[in-house]
Every structure is written in C-alpha cells, then in structure tokens.
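Chemist: The structure follows.
Chains as they are written, first to last, in the numbering used here: chain A, 1 to 110; chain B, 111 to 226.
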C-alpha cells in the first residue's frame, strides 16, 4: 500500500503557482520523497525527488518539512500542459519498486 | 520522450488467451520493471528484472511472467487472460540496483490491453 496521502483533486489558474501537498507521516529515515506525474494516456514522468533538503529543478521545487512528515511540490507558473495526475511516492532507493497511490488530479484552468 | 518503447500500443484479446507485451529499455539502463494500471487507479508493480533474472515481484499470480534479454529488453507474458486483466501495462527502465542511488525510472507510453 502507498505510504502517502494526497488530495484527490486540485484546480490552479494558469500562470499561478500550483502547490501540491503530500503527507507521509510514517516515512523512514532512509526513504526519499519522489514525485511523478501522468498526463492523460501517457506513462508517468519523473519530476523531482529529495531526502530532507529542499530541491529545485527546471520543472518544479520540492519543499520537505523539517520532520519529513509532509512535503509540497510547487510548479511555479502552471500552464495548461501541467494538467495531469501527480503522484507522491516514498522510496528507499533508486531501484526499489514505485508504490503509487491514486495521486492528485491537477486541473490548470485558463 | 524517455527512450523506453513498448509494443504494441493497443491490443484486444479474448478471455482465456495468452498475450506477450514487449519493452525496450533506455540506453544504458539494465533494469526493467512492469506495472499494471487499471482505469482510475495508480500503477501497480508487477515485477522487476535485472541481469535477466526476476529480482522483485508484486502481488500478482504466476500466470504473469516475464523475461529479460541480454540487450536488456523485456517481455511480459500473461496466460489465461481474465476480464480484469484489462488495463494499461507500463514498462519502466532504470540503472542497475546498487550502482547508483536514487536513479529515477523512465516509463514507456504503455500498452493498453482489452480482454473481451
């Protein structure tokens, strides 16, 4: 079973920041937080991951709380193409299986 | 694009039949994982192959089996198809276990299997 809890759906206005929360209160010290997204009818796409420090790449920023029990994925300027299901996953290492929950369906609205 | 290719893209089979799905991994990746995604659900892990051997399996019956070839491509075989096997089957490739920490998995576009 997935070790994360995410809201079922969220809306975001185009051009605004999208903040997607994730709770992982039972995360272990050696588990990383990964984010993937899945645009309709495509395979999941890797976004970002982190252990305890905040991370940023060209797609998004990942903010992890100090106690590591929750995190937020930030898309700084959402576009219509960011409409997708976003999955938050905790994972020990890079080649352990990904355990997906149901994710958050983000709708970016013009 | 991720460099992971799956074939075929769509397939219709009859209950009781057998099916083989194929996956070519991204260049440099020698670990392949397979996932099943039912409509409205997140992907569920089926199994993983590394160096031509299965090295992890999810909660799927033995009629789900696989192979990995020396070029790291892989097949997923499902015998005695059931209606509930209708799903999107996803293949993901990544680098070898233990050689690099926290390497992300790259997914193909999937094969949509319909069992009638």
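Even glycine gets a Cβ: it sits at the ideal position worked out from N, Cα and C. Predicted, not measured: the structure shown is a model, and the values here were computed from it.
1. For residue 91 of chain A, which residues from the same chain have a beta carbon less than 7 Å from its beta carbon, with the 5 sequence-adjacent residues on both sides left out?
2. In the DSSP output, what is residue 115 of chain B paired with across the bridge?
3. Would you grab the beta carbon distance between residue 137 of chain A and residue 85 of chain A for me? Rounded to a whole angstrom, and I think it's under 8 Å.
4. Would a check of beta-carbon distances place residue 143 of chain B closer than 9 Å to chain A?
5. Anyone know if the C-beta pair for residue 141 of chain B and residue 218 of chain B falls short of 9 Å?
6. Does residue 190 of chain B have its Cβ less than 9 Å from a Cβ in chain A?
7. Would you kindly work out how many angstroms separate the C-alpha atoms of residue 15 of chain A and residue 81 of chain A, rounded to a whole number?
8. Could you tell me which uninterrupted beta strand (DSSP E) segments, each at least 3 residues in length, are contained entirely in the region 134-213 of chain B, listed from first to last along the chain?
9. Return yes when the Cβ of residue 102 of chain A is within less than 9 Å of the Cβ of residue 8 of chain A, no when it is not.
10. Between which two residues does the beta strand (DSSP E) carrying residue 92 of chain A extend?
11. Got a sec: which bits of the region 95-107 of chain A sit with their beta carbon under 8 Å from any beta carbon on chain B, in order along the chain?
12. Tell me residue 11 of chain A's beta-bridge partners as DSSP assigns them.
13. Run down chain B in chain order and give the residues with a C-beta less than 9 Å from the C-beta of residue 87 of chain A.
Modeler: The answer reads as follows:
1. 31, 32, 34 and 98
2. B:134
3. This structure cannot speak to residue 137 of chain A, because chain A is shown only from 1 to 110.
4. yes
5. no
6. no
7. 11 Å
8. 141-147, 154-160, 163-167, 174-178, 184-188 and 197-204
9. yes
10. Taken as a continuous stretch (DSSP letters only), residue 92 of chain A belongs to no beta strand (DSSP E), as it is neither H nor E.
11. 95, 96, 97, 98, 99, 100, 101, 102 and 103
12. A:107
13. 152 and 153
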